[in-house]
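Input: a single structure, listed below in structure tokens.
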């Protein structure tokens with residue numbers, strides 16, 4: 024099942040209908056955000072944070088400014104989600120307070136598990152309830168990471184082990200990092216699988232051409 028634009032449920036076709044390319048704002052913010060997140064994850068492996076007796080290294084500075092860029096792109100992405108007109112309603116990405124949407128999410132999840140049990144790739148539909156909900160969770164996860172890093176940038180005292188609000192935002196930032204790694208690997212991996220199985224083309228999201 025899937026939603027139409029009126030939030031009603033309707034049967035899904037046997038083969039997913041190819042969606043039109045995402046709007047330019049969504050695509051440009053997605054590209055920038057993806058590059059920024061990859062930069063953040065890689066630099067986090069080699070950075071040295073500042074200490075009371077030492078400044079942070081070059082990779083820490085790259086990580087700081089990359090985090091500000093990530094926050095800018097995630098903000099732009101939110102504008103695209105809220106104000107986009109052609110794509111499915113943003114409520115599909117956040118179904119948690121709607122019984123109707125949760126029912127659709129559960130039904131779509133069962134369809135995916137049934138396809139996997141038959142060793143088949145579930146049909147691709149970017150606006151399906153399960154895919155949309157996962158995208159929504161990923162958006163919230165990356166928003167929390169970018170926001171906590173940005174808050175730390177403006178309030179830090181040079182001591183990453185400081186308590187108070189500094190300690191809270193660093194706790195959030197550090198403990199969500201592994202989830203971001205998992206989401207990035209899973210999201211990119213599935214995109215490649217669908218690309219090479221001809222379910223979608225990566226240019227639908229990785230194109231700078233206007234419609």
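Numbering (our numbering), first residue to last: 24 to 234. The C-beta atom is built at its ideal place from N, Cα and C for all residues, glycine as well.
DSSP-derived helix/strand/coil call for residue 78: It is coil, neither helix nor strand.
Own chain residues within Cβ distance below 7 Å of residue 81, not counting five before or after: Sequence-distant Cβ neighbours of residue 81 in its own chain, meaning closer than 7 Å and more than five residues away, do not exist here.
In chain order, what residues of the same chain lie with their CB nearer than 7 Å to the CB of residue 90, ignoring the 5 residues before and after it? Once the five neighbours on either side are set aside, the close Cβ partners of residue 90 are 63, 169, 172, 173 and 176.
Once the 5 residues before and after residue 67 are set aside, which same chain residues still bring their CB inside 7 Å of it? Residues of the same chain with a CB within less than 7 Å of the CB of residue 67, apart from the 5 flanking positions on each side, are 86 and 200 in chain order.
Just to confirm before moving on: does the CB-CB distance between residue 160 and residue 145 stay below 8 Å? No; because the gap between Cβ atoms is not below 8 Å, this pair is not in contact.
May I ask you to report which of helix, strand or coil DSSP gives residue 194? Looking at residue 194 - three-state DSSP - the assignment turns out to be helix.
Rounded Cβ spacing between residue 128 and residue 152 (contact assumed at less than 8 Å): Residue 128 to residue 152, Cβ: 4 Å. Contact.
Am I right that residue 150 and residue 115 are in contact with their C-beta atoms under 8 Å? What's the rounded C-beta distance? Yes, they are in contact, since the Cβ atoms of residue 150 and residue 115 sit about 6 Å apart, within 8 Å.
Pop quiz: residue 148 and residue 156 are said to be a contact at Cβ under 8 Å. What is the actual Cβ separation, rounded to whole angstroms? About 13 Å separates the two Cβ atoms, so there is no contact after all.
In or out: residue 142 buried (at least 16 other Cβ within 10 Å) or exposed? By the neighbour-count criterion, in which 16 or more other beta carbons inside 10 Å mark a residue as buried, residue 142 falls on the exposed side.
Following the continuous alpha helix (DSSP H) through residue 140, name the residue where it begins and the one where it ends. Start and end: 122-140.
Through-space distance from residue 167 to residue 196, alpha-carbon basis: Computed Cα separation, rounded: 8 Å.
At what residues does the alpha helix (DSSP H) containing residue 147 begin and finish? Taken as a continuous stretch (DSSP letters only), residue 147 belongs to no alpha helix (DSSP H), as it is neither H nor E.
Tell me the rounded alpha-carbon separation between residue 208 and residue 61. Roughly 10 Å between the two C-alpha positions.
Flag this pair as yes or no: are the beta carbons of residue 46 and residue 103 separated by less than 8 Å? In contact: residue 46 and residue 103 (Cβ atoms closer than 8 Å).
Span separating the alpha-carbon of residue 140 from that of residue 98: Between residue 140 and residue 98, the alpha-carbon positions lie close to 38 Å from each other.
Throw me the rounded Cβ distance for the residue 49 and residue 96 pair, which I believe falls under 8 Å. Actually they are not in contact, since the Cβ atoms of residue 49 and residue 96 sit about 11 Å apart, beyond 8 Å.
What is the DSSP secondary structure of residue 177, counted as helix, strand or coil? Residue 177 sits in a helix when the DSSP states are folded into three classes.
Under a three-way DSSP split, which group does residue 50 fall into? Residue 50 falls in the helix class under three-state DSSP.
Alpha helix (DSSP H) containing residue 219: first to last residue? Here the alpha helix (DSSP H) through residue 219 covers 200-219.
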